[in-house]
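Below: the structure, in structure tokens.
2 protein chains.
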Amino acid sequence: MRGHLDGLILAVLEAGPLHGYAIIEALQARSGGALDLPTGTVYPALRRLERAGSLAGSWSTVGGRERRTYKLTRAGKHALAAQRGEWEEFREVVSRVLSADPWPATG
Amino acid sequence: MRGHLDGLILAVLEAGPLHGYAIIEALQARSGGALDLPTGTVYPALRRLERAGSLAGSWSTVGGRERRTYKLTRAGKHALAAQRGEWEEFREVVSRVLSADPWPATG
DNA sequence: AAGCTATACGTTGCCTGTCTACATATGCAT
DNA sequence: ATGCATATGTAGACAGGCAACGTATAGCTT
Numbered sequence: 839m840r841g842h843l844d845g846l847i848l849a850v851l852e853a854g855p856l857h858g859y860a861i862i863e864a865l866q867a868r869s870g871g872a873l874d875l876p877t878g879t880v881y882p883a884l885r886r887l888e889r890a891g892s893l894a895g896s897w898s899t900v901g902g903r904e905r906r907t908y909k910l911t912r913a914g915k916h917a918l919a920a921q922r923g924e925w926e927e928f929r930e931v932v933s934r935v936l937s938a939d940p941w942p943a944t945g
Numbered sequence: 839m840r841g842h843l844d845g846l847i848l849a850v851l852e853a854g855p856l857h858g859y860a861i862i863e864a865l866q867a868r869s870g871g872a873l874d875l876p877t878g879t880v881y882p883a884l885r886r887l888e889r890a891g892s893l894a895g896s897w898s899t900v901g902g903r904e905r906r907t908y909k910l911t912r913a914g915k916h917a918l919a920a921q922r923g924e925w926e927e928f929r930e931v932v933s934r935v936l937s938a939d940p941w942p943a944t945g
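Chain order of the listed sequences is V and R. Numbers in the working numbering are just positions in the first sequence, counted from 1, shifted up by 838. Numbers in the working numbering are just positions in the second sequence, counted from 1, shifted up by 838.
See below:
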């Protein structure tokens with residue numbers, strides 16, 4: 839996801855807290871199946887976001903299985919807003935350069 | 839530029855061959871000043887693209903200064919088309935997930 | 001002549017993010 | 001017992017991007 843993973847994770851947690859496995863499924867669902875991120879990508883990212891203060895994690899046991907549920911912190915919401923802004927800017931710049939007319943100064 | 843740099847470089851070379859320094863300036867111009875890429879980013883990328891067969895480089899001397907001018911190869915044009923396709927997909931997925939309604943199933 | 005800026009090339013070495021592969025454990029169905 | 005879905009995680013490799021550094025010429029100013 840080339841540096842945009844953090845934003846995506848924060849975005850799916852905006853609707854409410856989820857645990858890691860559910861986050862992977864949520865990303866899959868929201869992307870229409872396009873995003874199938876391996877645990878080796880997502881779990882470290884969650885740790886990273888927690889360490890950064892964007893997420894708060896807590897353990898619970900559901901049906902004999904251990905779960906670590908993450909929720910957005912206030913800082914996380916700000917981070918999400920920032921990520922959305924940065925994404926818009928990034929998107930615009932890349933789209934502009936990528937689709938620039940190959941004919942310089944036609945008229 | 840997180841993995842999209844190659845596409846941007848190929849895109850500015852679509853209009854015609856340029857040397858490294860001019861590529862940096864072209865990216866700056868096309869992005870409205872947003873992109874100010876350091877040489878440590880661009881020159882290795884050019885080498886990489888040449889090694890990959892997307893660019894063909896040639897030396898020349900202009901005004902006593904050495905220049906390495908790069909032009910798109912046929913493979914490079916295909917690579918550019920592929921990059922554009924990938925970008926569209928990437929853009930759609932990220933935009934969708936990032937801007938997904940926080941209210942699941944409103945009605 | 002000395003110094004500065006713009007032009008033009010490049011490398012080295014670090015940091016970060018991502019992924020593959022591996023490791024662990026439970027519940028449930030067969 | 002075997003296998004699958006659920007659920008967590010780590011270790012190690014790899015690649016891209018960047019800051020910092022290094023080299024050199026042309027041209028202008030002082």
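C-beta atoms are modelled at their ideal positions from N, C-alpha and C, and glycine is treated no differently.
Indicate the three-state DSSP secondary structure (helix, strand or coil) for residue i in the structure shown.
{"i": "G845 of chain V", "result": "helix"}
{"i": "G891 of chain V", "result": "coil"}
{"i": "E863 of chain V", "result": "helix"}
{"i": "E852 of chain V", "result": "coil"}
{"i": "R922 of chain R", "result": "helix"}
{"i": "T899 of chain R", "result": "strand"}
{"i": "L910 of chain V", "result": "strand"}
{"i": "R905 of chain V", "result": "strand"}
{"i": "P882 of chain R", "result": "helix"}
{"i": "T877 of chain R", "result": "helix"}
For residue i, which residues of its own chain have a beta-carbon under 7 Å away from its beta-carbon, when the five flanking residues on both sides are left out?
{"i": "A917 of chain V", "result": "L848 and S892"}
{"i": "R868 of chain V", "result": "V850"}
{"i": "E904 of chain R", "result": "W897"}
{"i": "Q866 of chain R", "result": "L873 and D874"}
{"i": "W925 of chain R", "result": "H842 and G845"}
Check the C-beta distance from residue i over to residue j and give it rounded, since I have them as a contact under 8 Å.
{"i": "L846 of chain R", "j": "Y908 of chain R", "result": "In fact, because the Cβ distance is near 13 Å, the residues do not count as touching under 8 Å."}
{"i": "L843 of chain V", "j": "A883 of chain V", "result": "5 Å"}
{"i": "R929 of chain V", "j": "R929 of chain R", "result": "6 Å"}
Measuring only the C-alpha atoms, how far is residue i from residue j?
{"i": "A864 of chain R", "j": "S898 of chain V", "result": "54 Å"}
{"i": "Y881 of chain V", "j": "G858 of chain V", "result": "7 Å"}
{"i": "G945 of chain V", "j": "G870 of chain R", "result": "A caution first: G945 of chain V carries a pLDDT of 44, below 50, which makes its placement in the model unreliable, though a value can still be read off. Spanning the two alpha carbons is a distance of roughly 20 Å."}
{"i": "G902 of chain V", "j": "S937 of chain R", "result": "35 Å"}
{"i": "G841 of chain R", "j": "G878 of chain R", "result": "15 Å"}
{"i": "V931 of chain V", "j": "V900 of chain V", "result": "45 Å"}
{"i": "A860 of chain R", "j": "G914 of chain R", "result": "19 Å"}
{"i": "R934 of chain R", "j": "A919 of chain R", "result": "23 Å"}
{"i": "G854 of chain R", "j": "R889 of chain R", "result": "19 Å"}
{"i": "E927 of chain R", "j": "D939 of chain V", "result": "20 Å"}
{"i": "M839 of chain R", "j": "R906 of chain V", "result": "33 Å"}
{"i": "P876 of chain V", "j": "G923 of chain R", "result": "24 Å"}
{"i": "Q921 of chain R", "j": "I862 of chain R", "result": "19 Å"}
Counting only the same chain and skipping the five closest in sequence on each side, list residues whose C-beta sits under 6 Å from that of residue i.
{"i": "A894 of chain V", "result": "K909 and T911"}
{"i": "E852 of chain R", "result": "none"}
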